[in-house]
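Enquirer: Protein chains in written order, with the working numbering: chain R, 236 to 503; chain G, 3 to 321.
(1) What span of residues does the alpha helix (DSSP H) with residue 388 of chain R cover, start to end?
(2) Could you work out which residues of chain G lie near residue 384 of chain R, taking near to mean beta carbons separated by less than 7 angstroms?
(3) Return the Cβ separation of residue 199 of chain G and residue 436 of chain R in integer angstroms, given the expectation that the two are a contact with Cβ distance under 8 angstroms.
(4) Thinking C-beta only, is residue 94 of chain G closer than 8 angstroms to residue 40 of chain G?
(5) List, in order along the chain, the chain R residues whose C-beta lies closer than 8 angstroms to that of residue 108 of chain G?
(6) Going along the segment 206-220 of chain G in order, which residues come within less than 8 angstroms of chain R, judged by CB to CB distance?
(7) Would you mind sorting residue 20 of chain G into buried or exposed? The rule is 16 or more other CB atoms within 10 Å of its CB.
(8) Taking the alpha-carbon positions, what's the residue 241 of chain R to residue 13 of chain G distance?
(9) Should residue 163 of chain G be listed as close to the ligand MN, given that the test is whether its C-beta is under 7 angstroms from any heavy atom?
(10) So which residues of chain R does residue 12 of chain G contact, with C-beta pairs closer than 8 angstroms?
(11) Closer than 8 angstroms, Cβ to any Cβ of chain G: which residues of the segment 379-411 of chain R, in chain order?
(12) Can you name the residues of chain A whose CB is closer than 8 angstroms to the CB of residue 322 of chain R?
(13) Pairs of beta-carbons, one from the segment 242-251 of chain R and one from the segment 309-321 of chain R, closer than 8 angstroms: are there three or more?
(14) Kindly list the residues whose CB is nearer than 7 angstroms to the CB of residue 339 of chain R, restricted to its own chain and excluding five residues on each side of it in sequence; keep chain order.
(15) Would you kindly check if the distance between the Cβ of residue 154 of chain G and the Cβ of residue 182 of chain G is under 8 angstroms?
(16) In chain order, what residues of the same chain lie with their CB nearer than 6 angstroms to the CB of residue 283 of chain R, ignoring the 5 residues before and after it?
(17) Looking only at its own chain, which residues have a Cβ that is under 6 angstroms from the Cβ of residue 280 of chain R, when we skip the five neighbours before and after it?
(18) One question on the structure: do residue 148 of chain G and residue 78 of chain G come within less than 8 angstroms of each other, judged by their Cβ atoms?
(19) Can you tell me whether DSSP reads residue 201 of chain G as helix, strand or coil?
(20) To which residues does DSSP link residue 69 of chain G through a beta bridge?
(21) Count the other C-beta atoms from every protein chain shown that fall within 10 angstroms of the C-beta of residue 311 of chain R, then say buried if there are 16 or more, exposed otherwise.
(22) Would you call residue 131 of chain G buried or exposed, if buried means 16 or more other Cβ atoms sit within 10 Å of its Cβ?
(23) If you follow the beta strand (DSSP E) that residue 329 of chain R is part of, which residue opens it and which one closes it?
(24) Short check: CB of residue 439 of chain R to CB of residue 65 of chain G, under 8 angstroms?
(25) State yes or no: is the beta carbon of residue 93 of chain G nearer than 8 angstroms to at least one beta carbon in chain R?
(26) Nearest by alpha-carbon distance to residue 164 of chain G: which of G:185, G:173, G:152, G:177 is it?
(27) What in chain G is Cβ-close to residue 451 of chain R, meaning under 9 angstroms?
(28) Below 8 angstroms between beta carbons: does that hold for residue 84 of chain G and residue 119 of chain G?
(29) Of all the CB atoms in chain R, is at least one closer than 8 angstroms to the CB of residue 200 of chain G?
(30) Buried or exposed for residue 410 of chain R, please, with buried defined as at least 16 other CB atoms from any protein chain shown within 10 angstroms of its CB.
(31) Would you decide whether residue 305 of chain R is buried or exposed? Buried here means 16 or more other CB atoms lie within 10 Å of its CB.
(32) Counting only beta-carbon atoms, is residue 103 of chain G nearer than 8 angstroms to chain R?
(33) Put residue 251 of chain G into one of helix, strand or coil per three-state DSSP.
(34) Spatial neighbours of residue 210 of chain G within its chain, please: C-beta separation below 6 angstroms, excluding the five flanking residues on both sides.
(35) Within 10 Å of its beta-carbon, does residue 102 of chain G have 16 or more other beta-carbons around it, so buried, or fewer, so exposed?
(36) Taking 6 angstroms as the limit between beta carbons, can you name the residues of its chain near residue 111 of chain G, skipping five residues before and five after?
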């Protein structure tokens, strides 16, 4: 059994996929920064930023449904921002009567909440487009280009290389546990986990310890194999070709456009 | 299909730009120092070893166990990484795990990645390290020290990381402190128990199968410093819980109000932090936290000064 769900990359013959990874990384980060800088309730700016984000999604040919599904991951955290609806001070919009006390949703609170929601949704959409249109090794090269230290990028790369192997091992551990677990209440039609919570947690701990020990040994073997092939601690990568002039233009235009949109946000 | 162990990965849009950039700066600075220490300790085997272990922690986060009904518990892994690798390598390993989760799974924002690395990588690892070493010292090398230390370190790392997350949300104005802190604290106090149990199970396996891996990080650092640092961190964590403290005025004030002699109390000569509310911060709960933190730090440094002067005097008397 092999693990496929880990790779976010979806190859498509689109304009966005063809862009240099450095350009894409910088534009995605600039977009997220622009969204974060846009003040609360600057709706025209948010609309324009959403249009920009949507056009990026369309140009990438990833499919709106795909992007929406993956960007739904940020939704549960919205619960953390819910209290701001009732705690921000402003003119009252709604009153919700609960047994014991009444919650008053203010207009300032609603504006703040909606702004946080929009910011989060737009940012995560751009992150999805970036991850799905760029193979991970290219992302690493882009990270190196913007100045992230060589050791961190090398560790990321080796982690990625062995991630699939180790996740397969974890899935095998889970399958082995399932194979050795009886189905105690199948006759009654109810599934009940056996033992106590503490026992089950310790079993998982043993599995995790097993995985870590095997990984430790594997890491030592990998290092020995690399050293036998001439590894000296220095990670050398084949340099990317310089960014073509047309893409430099796209990068500059994108950054200027985002700055203008932030300006629009502050003016409105 | 990726299982997220705990609702601690902050997405973009929830933190203000100031908080995000500040935490990016702190994380990068600490990671830079960690890189230098790793270079000294591990040398050239660092990249393959830590890469594989980062992948192992990531894969380990997929191992789940049924808690009740449909919920399941997972591993965060900061404590196990710290016990096996030491604090600096563990920081880098957790950074890689959190980074890949953000980049590939959008589990946590890209601008907020600095904050997530800080919470789960730096705070989680440091608190684990100090708690584990302290409990082991207290156990004096007996075997239960490993297990109690592992449980305590795992629970504390999850709890304090959650408090840090809540504080960051409060400072960004996303969630009021007196809601975020108790909510995050309560949820993660429970999640921390699961983390502690899994960590104990893993340490038991390691002690049986490969005891030398546990003893690698045995001798490092002076005892006194660690205990002080632990005390400081735990005290800070408790200071954050101060808004939870009863909103009733404390005993004497209440009596004074009842008996009517509260007017007779003279106002103090100078008011630095009057009524435990830091002047200038409007959100009262946040102001209480800040003053609690400052008070703790001041007390700590006073205690430190007294201890140091006593040690100097003892040394002078001995010589």
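All C-beta atoms in this analysis are idealised placements derived from N, C-alpha and C, irrespective of residue type, glycine included.
Expert: Taking the definition as stated:
(1) 385-415
(2) 37
(3) Indeed they touch by this definition, with Cβ atoms about 3 angstroms apart.
(4) Less than 8 angstroms separates the beta-carbon of residue 40 of chain G from that of residue 94 of chain G.
(5) 305, 306, 308, 309, 359, 362, 363, 366
(6) 206, 207, 208, 211, 212, 215
(7) exposed
(8) 19 angstroms
(9) With respect to small molecules bound, the structure shown includes none, and the ligand MN cannot be examined in it.
(10) For the C-beta of residue 12 of chain G, the chain R residues within less than 8 angstroms are, from N- to C-terminus, 312.
(11) 384, 386, 387, 389, 390, 391, 392, 393, 394, 395, 396, 397, 398, 400, 401, 402, 404, 405, 406, 408, 409
(12) Any reference to chain A falls outside this structure, whose protein chains are R and G.
(13) no
(14) Here residue 339 of chain R has 321, 327, 330 as same chain residues with Cβ atoms under 7 angstroms from its own Cβ, once five neighbours each way along the sequence are excluded.
(15) no
(16) Scanning its chain for C-beta atoms nearer than 6 angstroms, with the 5 sequence neighbours on each side dropped, one finds around residue 283 of chain R the residues 496, in chain order.
(17) 273, 496, 499, 500
(18) no
(19) Three-state result, residue 201 of chain G: helix.
(20) In the DSSP output, where bridge partners are listed per residue, residue 69 of chain G has none listed.
(21) exposed
(22) buried
(23) 327-332
(24) yes
(25) no
(26) G:185
(27) 51, 54, 55, 58, 86, 212, 215
(28) no
(29) At least one C-beta of chain R is nearer than 8 angstroms to the C-beta of residue 200 of chain G.
(30) exposed
(31) buried
(32) no
(33) Its pLDDT being 38, under 50, residue 251 of chain G is placed unreliably in this model, and the coordinates cannot settle the point.
(34) Counting only Cβ-Cβ distances below 6 angstroms, and skipping sequence neighbours, we find nothing.
(35) buried
(36) 13, 14
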